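This report refers to the structure that appears directly beneath it.
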Amino acid sequence: MIDMRFLLRLAGTWMLGMALVLLIMDGTKSMAANALLITSLGDNWAMLDAASLDGFEQLIATSPVKFIWGPLVQPVLSWPGWAVLGFAGIVLAFLGRSKKDRLNNYTRI
Numbered sequence: 001m002i003d004m005r006f007l008l009r010l011a012g013t014w015m016l017g018m019a020l021v022l023l024i025m026d027g028t029k030s031m032a033a034n035a036l037l038i039t040s041l042g043d044n045w046a047m048l049d050a051a052s053l054d055g056f057e058q059l060i061a062t063s064p065v066k067f068i069w070g071p072l073v074q075p076v077l078s079w080p081g082w083a084v085l086g087f088a089g090i091v092l093a094f095l096g097r098s099k100k101d102r103l104n105n106y107t108r109i
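Shown next as structure tokens:
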């Protein structure tokens with residue numbers, strides 16, 4: 001049976017890897033344009049699969065929590081994709097740590 005901590009660490013590592021890819025893409029675009037270009041999470045998602053982004057919007061619009069689209073989801077989609085995925089990856093990797101690692105880190109301080 002697969003351990004939940006393993007799945008959290010795996011998802012966190014995957015998200016950190018994707019954040020690195022998006023950061024490199026933004027860096028490459030910025031160097032080519034000779035200006036700072038930052039691609040939002042929504043733009044990255046639309047480039048990858050616009051239909052799923054529209055489907056996600058429809059899912060939120062028809063759900064009981066449709067009020068979160070404007071104040072919560074749209075601002076997150078406007079943030080840099082690498083920052084959103086990087087933060088989520090760090091949180092998931094942190095949550096996936098073993099109890100032994102958590103205790104050892106505090107005793108080293």
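Here the sequence shown is numbered in full-length UniProt numbering, starting from 1 and rising by one per residue. Glycine included, each C-beta is placed from N, C-alpha and C at the ideal position. A quick note: this is a predicted structure, and the numbers were derived from the prediction, not measured.
About 10 Å separates the beta carbons of Gly86 and Gly12, which is beyond the 8 Å limit, so they are not a contact pair.
Between the segment 38-58 and the segment 66-86, the count of Cβ pairs shorter than 8 Å is three or higher; the stretches touch. Annotation: Thr28 to Ala19 spans about 14 Å, alpha carbon to alpha carbon. Leu22 counts as buried, since at least 16 other C-beta atoms from the protein chains shown sit within 10 angstroms of its C-beta.
Per DSSP, the continuous alpha helix (DSSP H) segment holding Leu41 begins and ends at 41-61.
Pro75 sits in a helix when the DSSP states are folded into three classes. Sequence-distant partners of Leu8 (beyond 5 residues in either direction) whose C-beta falls short of 8 Å from its own C-beta, in its chain, are Leu92, Ala93, Leu95, Gly96.
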